[in-house]
Ligand code: TXA
Ligand code: MG
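Numbering (the working numbering), first residue to last: 4 to 324.
Rendered as structure tokens:
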């Protein structure tokens, strides 16, 4: 599967790619998506092939508004309440699917995930195309999500038709996924809209939320092993040549400063979220033998970063839980 991948700046060109059944990486406010015509089974199959994504992991349909969501999903009271507050935005709703949603999008499930993104280019693209866009994150399966056009290019050049450059994504973490098909809402993936804001927190650590198909697989992992630790000094002593992802306070204790192999987290959680995937990509290329990441507090967006770090981590250092 070798394709000539183009860099596109125009929405007309981007829509043409989708109309021809092609694959287009495009920006959203969370991460870059790998888009295809969401109602065209063969285009959707190409998305799975380009990403090497397991066929049982369904895709999100991106729509421009609630009316378009209603055309592909059975709307209900949960969805109405959440969409009023959070759409357009980084919240994905899982609802019963209408019959014309291709089975490939749903990976054979009876439900479909729908999201109305806020990013102006994503909005304009969906409106210009005039149909829902099926889009997983624009990375090869299991890898960190891309938050820039360059990162999407690095993941998928030669496998897709075009990359639409919209600059860096503002939020930097994937959307929150909520199952709205039952009497109670269920959080399937913590994300940019925090569980606290949604009011669907189960009181369990985020790692214990109920399984969605995608959560069975290892995700977000850089090319070198990642270790999530509380005692950074001990972990570094055990692992020569390690890269480091840590807070300013930790760096001060260790007497180190930011550099090629050391990423120091920004001062607030929004900044940490926005820089997270770019930091993983930079460190994996540094080069380093592995990445040691300091744990963050389990609250707000930091808890979401922790969810991703846990899934990305190879294993824990000896002595870690
Ligand atoms: O922010 C985002 O959500 C990005 C941007 C591009 O919109 N997209 C994204 O897609 O992260 P992806 O495919 O990487 O993650 C979608 C998640 C997966 O965990 C998948 O299993 C889950 O949503 N999902 C999709 N359809 C589902 C369904 N019908 N039922 C349960 N989970 C579903
Ligand atoms: Mg993904």
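Where a beta carbon is used, it is the ideal one built from N, C-alpha and C, also for glycine. Being a predicted model, the structure only gives us computed values, none of them experimental.
Under 7 Å from any heavy atom of the ligand MG, does the C-beta of residue i make it?
i	result
residue 177	yes
residue 148	yes
Give a single yes or no on whether residue i has its beta carbon closer than 7 Å to a heavy atom of the ligand GTP.
i	result
residue 139	Absence of the ligand GTP is noted for the structure shown, with the ligand TXA and the ligand MG being the only ligands found.
Per DSSP, which residues does residue i bridge with? Please list them.
i	result
residue 114	99
residue 249	267
residue 280	BP columns for residue 280 are empty, so no partner.
residue 260	Residue 260 pairs with nothing; no bridge assigned.
residue 297	232
residue 182	97 and 189
residue 39	137
residue 167	11
residue 64	117 and 137
residue 28	37 and 166
residue 76	100
For residue i, count the other beta carbons within 10 Å of its own beta carbon; 16 or more makes it buried, fewer makes it exposed. Which is it?
i	result
residue 3	What is shown of the chain runs 4 to 324, which leaves residue 3 out entirely.
residue 339	With the chain represented from 4 up to 324, any question about residue 339 goes unanswered, as that position is not in the structure.
residue 186	exposed
residue 300	exposed
residue 38	buried
residue 331	The question about residue 331 has no answer, for the chain in this structure spans 4 to 324.
residue 87	exposed
residue 70	exposed
residue 271	exposed
residue 304	buried
residue 103	exposed
residue 93	buried
residue 251	exposed
residue 23	exposed
residue 123	exposed
residue 311	buried
residue 34	buried
residue 161	exposed
residue 274	exposed
residue 221	exposed
residue 236	exposed
residue 238	buried
residue 76	buried
residue 7	exposed
residue 106	exposed
residue 233	exposed
residue 169	buried
residue 194	buried
May I ask whether a heavy atom of the ligand TXA can be found less than 7 Å away from the beta carbon of residue i?
i	result
residue 109	yes
residue 63	yes
residue 116	yes
residue 191	yes
residue 60	yes
residue 75	no
residue 34	yes
residue 97	yes
residue 106	no
residue 57	no
residue 102	no
residue 203	no
residue 180	yes
residue 31	yes
residue 112	yes
residue 93	yes
residue 120	yes
> How do the region 170 to 185 and the region 90 to 103 stand: do at least 3 beta-carbon pairs fall below 8 Å, yes or no?
Replying inline: The region 170 to 185, when compared against the region 90 to 103, does touch it at the 8 Å Cβ threshold.
> Should the region 132 to 146 be regarded as contacting the region 49 to 57, the criterion being three or more beta carbon pairs within less than 8 Å?
Replying inline: Three or more Cβ pairs closer than 8 Å define a contact, and the region 132 to 146 meets that threshold against the region 49 to 57.
> Should the region 74 to 82 be called in touch with the region 43 to 52, which here means at least 3 C-beta pairs below 8 Å?
Replying inline: No: the two stretches stay apart, fewer than three of their Cβ pairs being nearer than 8 Å.
>> Using a Cβ distance threshold of 8 Å, determine whether the region 250 to 269 contacts the region 196 to 205, with at least three qualifying pairs required.
In response: No: the two stretches stay apart, fewer than three of their Cβ pairs being nearer than 8 Å.
>> Assess contact between the region 13 to 20 and the region 110 to 122, defined as three or more Cβ pairs (one per stretch) separated by less than 8 Å. Is contact present?
In response: Between the region 13 to 20 and the region 110 to 122, the count of Cβ pairs shorter than 8 Å is below three; the stretches do not touch.
>> I want to know whether the region 150 to 159 touches the region 125 to 135 - three or more CB-CB distances under 8 Å.
In response: Flag = no, the region 150 to 159 and the region 125 to 135 do not touch.
> Does the region 239 to 246 come close enough to the region 284 to 298 to have 3 or more Cβ pairs within less than 8 Å?
Replying inline: Touching, yes.
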